[in-house]
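Last residue of the sequence shown? That's 460 in our numbering, and every number before it is there in order.
Ideal Cβ positions, reconstructed from N, Cα and C, are used throughout, including at glycine.
Here is the structure we will look at, set down as structure tokens.
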Amino acid sequence: MTQKTYQWFLAVVSGLAGLLYGIDIGIIDPALPYLNRATSLSESQLSLVVAAVLAGSILGSVVAGVLADWLGRKPMMVVSALMFVGSVAVIYLSQSFLPLLLGRLLQGMSGGVIAVVVPLYLAECLPAEQRGRGVAVFQFMLTAGIVLAAFVGNYYLGNAELAIQAAGADQQLIVAASDHAWRSMFLTVLYPGAAFLLGCLFIAESPRWLVRHGKPERARSALLRLRPAATCDAELAEIGAALAAERERPKQARGAALMEMLTERRYVLPFILACVILGCNQATGINSVLQFMSTILQKAGLDPVAAASYGTVIKILNSVMTLVAIVLVERKGRVFLLKLGTGGIIVSLCLLALLFYRFESQRLDVRPQVEALVRDNKLDFNLADVGWAGTGAVQLSILYQYGERQQVAEAFTPTAASQAVLQRAAEVVHGLPPAQRELLAQAQAAWSGRSPAAAADQ
3 MTQKTYQWFL AVVSGLAGLL YGIDIGIIDP ALPYLNRATS LSESQLSLVV AAVLAGSILG
63 SVVAGVLADW LGRKPMMVVS ALMFVGSVAV IYLSQSFLPL LLGRLLQGMS GGVIAVVVPL
123 YLAECLPAEQ RGRGVAVFQF MLTAGIVLAA FVGNYYLGNA ELAIQAAGAD QQLIVAASDH
183 AWRSMFLTVL YPGAAFLLGC LFIAESPRWL VRHGKPERAR SALLRLRPAA TCDAELAEIG
243 AALAAERERP KQARGAALME MLTERRYVLP FILACVILGC NQATGINSVL QFMSTILQKA
303 GLDPVAAASY GTVIKILNSV MTLVAIVLVE RKGRVFLLKL GTGGIIVSLC LLALLFYRFE
363 SQRLDVRPQV EALVRDNKLD FNLADVGWAG TGAVQLSILY QYGERQQVAE AFTPTAASQA
423 VLQRAAEVVH GLPPAQRELL AQAQAAWSGR SPAAAADQ
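Listed below in structure tokens is the structure:
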């Protein structure tokens, strides 16, 4: 393999690493609605499944640096690929909450290791003039992974929605179609994970790590795959001198330097400011938005297909703007892009708050009207006693099945979202436990004057 070819090979492998990290973040978004429909997980459990990948990423990033110094950069990249492949298998085969949570946690740990080790490996292997480009490829491919996960979700979403429509009121078929959809989404992303694992087997170890661990000949061989022979010896000597100087530096001097960084104003204030800026950036909720994109858009009134399509467009814009930032960062500087991005975040959050406020301000509490309708027909069902939080879906099914539809529809603000909820409510009844369905059948019988058995057959 020529030097140019190997440099391209490294770029592809590092790109696959970024792709996997993006997939870690993005794949749960299209899968979540079908996971919710196919399983009996609570909202809190689903939230933990979503958050587990970020928690795993934190754990992976904390230990990745230490393990990479001990075991090497290449072995840790192989380990991260194995964790990703293993996590997909665990998630795909999971039948309960705990295996699913562990699979997502493992998936996040693989992403955390990738985020630390791969940029470090590129910085130590690529020539100085190519390091920025290599890390930029990694960052861009991270956003491309989010887009790829969206396209995978769209493919299976379309098939799942067709199957659900064909199933009609057959709840078992609906659950089966939903279950197949979310499992297939996770299984499909196994292929880039396997490609990354295969690529990691054919890369050389970091020359700097090899010199640090007393293997100069292997370090020279690794450098020869990337540099002309004339520059290898000089670079090896430079790496060796830098490491020797680091070792010879007294421990007391290193401790004093660390204390200086932790106590002197000129170091502490920039460090605190950087941490605050990074924390505020994450507090905008971008990771949560990316992982709940389809759910948010469906809650806003879009059907599943439209929500997935609009979500994909947003993720493509995210990827494109990442590419724009990569191009502009050397021309305009980091501070300019930080100000521009922060301003865009503030404007977009304000617009979203205004739009959702306008939507939510039109919602009405229809419990008194429905309670009056039910009591007029000699049935006492006090909705206020049970509250919206516990039985929201059940109450909507009561509104739809047992109240006069025109009156109930008028009690709701006639928006597309509320009409969609009313139309969907009838389907919810078929997924209720038998005891609750029997109660609703009795309520329908009291409303319509039919027997409970006839009402249950509807």
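For residue i, I'd like the list of residues in its chain whose CB is within less than 8 Å of its CB, leaving aside the five on either flank, ordered along the chain.
i           : result
residue 10  : none
residue 328 : 138, 141 and 142
residue 132 : 9
residue 80  : 199, 202 and 203
residue 134 : 332
residue 75  : 119, 122, 123, 126, 207, 208 and 211
residue 339 : 327, 330 and 331
residue 306 : 35, 159, 163, 296 and 300
Please determine, among the options, the residue with the shortest C-alpha to C-alpha distance to residue i.
i           : options               : result
residue 461 : 84, 141 and 50        : Residue 461 is absent from the structure shown; the chain starts at 3 and stops at 460.
residue 234 : 215, 216, 210 and 245 : 210
residue 228 : 205, 218, 181 and 163 : 205
residue 316 : 296, 363, 105 and 301 : 296
residue 321 : 149, 360 and 114      : 149
residue 303 : 357, 158, 238 and 240 : 357
residue 246 : 59, 216 and 222       : 216
residue 197 : 37, 84, 69 and 183    : 84
residue 104 : 57, 330, 119 and 347  : 57
residue 155 : 185, 113, 367 and 273 : 185
residue 118 : 64, 188 and 225       : 64
residue 71  : 287, 115 and 86       : 115
residue 77  : 311, 172, 335 and 208 : 208
residue 98  : 176, 43 and 244       : 43
residue 346 : 325, 283, 362 and 300 : 283
residue 5   : 226, 121 and 13       : 226
residue 312 : 82, 189 and 152       : 152
residue 314 : 293, 325 and 364      : 293
residue 91  : 34, 193, 12 and 173   : 193
residue 342 : 355, 323, 352 and 353 : 323
residue 188 : 362, 270, 102 and 299 : 102
residue 336 : 218, 172, 276 and 281 : 276
residue 48  : 173, 73 and 290       : 290
Over what stretch of residues does the alpha helix (DSSP H) that includes residue i continue unbroken?
i           : result
residue 266 : Residue 266 -> no alpha helix (DSSP H), and no H or E assigned at all.
residue 363 : 336-363
residue 219 : 218-226
residue 182 : 173-190
residue 97  : Segment: none, residue 97 is in no alpha helix (DSSP H) and carries neither H nor E.
residue 296 : 295-301
residue 131 : 130-169
residue 26  : 5-28
residue 207 : Unbroken run through residue 207: none, as it is neither H nor E.
residue 71  : 45-73
Below 7 Å CB to CB, which residues in the same chain sit around residue i once its five sequence neighbours on both sides are set aside?
i           : result
residue 389 : Annotation note: pLDDT 40 at residue 389 (below 50); position unreliable, no value reported.
residue 310 : 32, 155, 156, 159 and 296
Ignore the nearest five residues each way along the sequence and tell me which others in residue i's own chain have a CB closer than 6 Å to its CB.
i           : result
residue 242 : 213
residue 106 : 51, 54 and 55
residue 128 : 136
residue 125 : 133
residue 89  : 105, 108 and 109
residue 180 : 36, 39 and 40
residue 175 : 169
residue 287 : none
residue 82  : 112, 115 and 116
residue 361 : none
Just to check my reading of the structure: residue i and residue j have Cβ atoms closer than 8 Å, yes? What is that Cβ distance to the nearest angstrom?
i           : j           : result
residue 490 : residue 20  : An answer regarding residue 490 cannot be provided, because it is not within the stretch 3 to 460 covered by the chain.
residue 222 : residue 238 : 6 Å
residue 59  : residue 113 : 5 Å
residue 144 : residue 67  : About 19 Å; that fails the 8 Å criterion.
residue 195 : residue 278 : Actually they are not in contact, since the Cβ atoms of residue 195 and residue 278 sit about 35 Å apart, beyond 8 Å.
What I want to know is whether the C-beta of residue i ends up closer than 7 Å to one or more non-hydrogen atoms of the ligand MG.
i          : result
residue 15 : The ligand MG is absent from the structure shown, which contains no ligand whatsoever.
Are the region 27-35 and the region 165-175 touching, with three or more C-beta to C-beta distances below 8 Å? Flag = no, the region 27-35 and the region 165-175 do not touch.
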